[in-house]
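Chemist: Every letter in the sequence shown is one number past the one before it in UniProt numbering, and letter 210, counting from 1, is 210. Let me begin by handing over the structure; questions about it come next.
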Amino acid sequence: MKPNDQEINRKRKNTQDYKIPNKLQELEDEDRLVTLALSFYPPKKPSQPHEPPLPIAQSPPPPQQQQQVPQSLPMQPLLPQNPIQHPLQLSPSHPLYIPPFVPEPMVPRIPLTYRPESEMGPPRPRARRNPTQGPRDGKSDVVPAPYPWATAQRATVHSLNYMVSKQIFTITGDVQCKRCEKPYVMEYDLRDKFVEVGSFVAEHRSIMHDRAPSVWMNPVLPTCKFCEHENSVKPVIAEKKKAINWLFLLLGQMLGCCTLEQLKYFCKHTKNHRTGAKDRVLYLTYLGLCKQLDPNGPFDRC
């Protein structure tokens, strides 16, 4: 045998010896793969000998139970076995704690009904505050007449004709000197003083513009008959408004000595507008008293 042939035979032998272990390894790997594949499929039932078909029973067939797929022992360690996880529980004091949602109870809703405008009645008139309203509850317009020239109505005097018919020609009132502080009674002639006041009102009414002039706002007071001090005798005005001597203050042109509240009292009970400054309310008081004495005289508002 030639040396070359010997070398070739030796190499072939070595190659075969190397292939044998490799084939064994491949066979072992194939066995493992077959084992893994069989673990995923149920084992086949052995073939049974052929039998003739049985007659169909009338009763319903029993429910088929799902056959569990047995897992082979080598496959079990490969499957993940996760423990049962529970949701994270936070305490109510935790800043991330969210209270569970509780649905609100169902409250019956009242359906809204629309009324067409034609079915609605006319709007009621708005109640307005009447500035010339009468006395409050518990008080009456009728009071005992405080003077012979006053009527039983609050802030109202008799007419000039009525007093002349009753022989009332002199009007008296209480005064007091601011200097010597001596009180006494002063009297005025009814007809003479009313002519003086009425003439002044008739002549200047158109230029007064519903405002009392300064001679009424700051009247010149009489001279004291005791100390003879000029512009010192002031009228004594009753504390009770229903007892104020309105006619005496008119004839002496001393209505400006009254307070604003006293003048508003007169306008309230004579149905005159009583809001505004004192000069306006004082003007209405002069005009109202002149109208009471002479209802037909020129004493209406311009």
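Yeah, the Cβ is synthetic: ideal placement off N, Cα and C, and Gly gets one too. This structure is a prediction, so every number in the text was calculated from the model and none was measured.
Taking its Cβ as the centre, do 16 or more other Cβ atoms sit within 10 Å of Pro77, making it buried, or is it exposed?
Modeler: Legend: pLDDT at Pro77 = 48, less than 50; position of this residue unreliable, no value from coordinates given.
Chemist: Return the chain-ordered list of same chain residues with a C-beta closer than 6 angstroms to the C-beta of Asn193, the five sequence neighbours on each side being excluded.
Modeler: It should be noted that the sequence gives Lys, not Asn, for residue 193. Contacts found: Leu251.
Chemist: Just mark Ala243 as buried or exposed, buried being the case when its beta carbon has 16 or more other beta carbons within 10 Å.
Modeler: It is exposed - the Cβ of Ala243 has fewer than 16 other Cβ atoms within 10 Å.
Chemist: Starting from Cys177, trace the beta strand (DSSP E) both ways and give me its first and last residue.
Modeler: Start and end: 170-177.
Chemist: Taking the alpha-carbon of Ala212 as reference, which of Leu293, Leu287, Asp294 has the nearest alpha-carbon?
Modeler: Nearest of Leu293, Leu287, Asp294 to Ala212, Cα basis: Leu287.
Chemist: Say whether the stretch 256-263 touches the stretch 215-223, bearing in mind that this needs 3 or more beta-carbon pairs closer than 8 angstroms, one atom from each stretch.
Modeler: The stretch 256-263 vs the stretch 215-223: in contact.
Chemist: Thinking just about the alpha-carbon of each residue, which of Leu160, Cys177, Lys178 is nearest to the one in Thr170?
Modeler: The residue with the shortest Cα to Cα distance from Thr170 is Leu160.
Chemist: Please report how far the alpha carbon of Gln292 lies from the alpha carbon of Val157, in whole angstroms.
Modeler: Cα to Cα, the separation comes out at about 7 angstroms.
Chemist: Under a Cβ-count criterion, where at least 16 other Cβ atoms within 10 Å of its own Cβ denotes burial, should Ala155 be classed as buried or exposed?
Modeler: Flag for Ala155 reads buried.
Chemist: Three-state secondary structure (DSSP) at Glu187?
Modeler: In the structure shown, Glu187 sits in a strand (DSSP, three-state: E or B).
Chemist: Below 7 angstroms CB to CB, which residues in the same chain sit around Lys241 once its five sequence neighbours on both sides are set aside?
Modeler: Gln262, Tyr265, listed in sequence order.
Chemist: For Thr151, collect the residues of the same chain with a Cβ closer than 7 angstroms to its Cβ; drop the 5 residues on either side in sequence, then sort them by chain order.
Modeler: Closer than 7 angstroms at Cβ, skipping near neighbours: Ala145, Val157, His158.
Chemist: According to DSSP, is Lys234 helix, strand or coil?
Modeler: Note: Lys234 maps to strand in three-state DSSP.
Chemist: Near Phe226, what residues of its chain come up, given a Cβ to Cβ distance below 7 angstroms and the 5 sequence neighbours on each side ignored?
Modeler: Excluding residues within five positions, the ones whose Cβ falls inside 7 angstroms are Cys177, Cys180, Lys182.
Chemist: Which one of Asp300, Val142, Pro295 has the shortest CA to CA distance from Gln162?
Modeler: The question names Gln, yet the displayed sequence has Tyr at residue 162. Per the Cα distances, Pro295.
Chemist: Could you check how far apart the C-beta atoms of Val197 and Pro235 are, in whole angstroms? I think they sit under 8 angstroms.
Modeler: So it is not a contact: roughly 15 angstroms between Cβ atoms.
Chemist: Under three-state DSSP, which class holds Val201?
Modeler: Three-state result, Val201: helix.
Chemist: Please return the same chain residues whose Cβ sits closer than 8 angstroms to the Cβ of Leu260, not counting the five positions on each side in sequence.
Modeler: Taken in chain order, the residues that qualify are Lys278, Val281.
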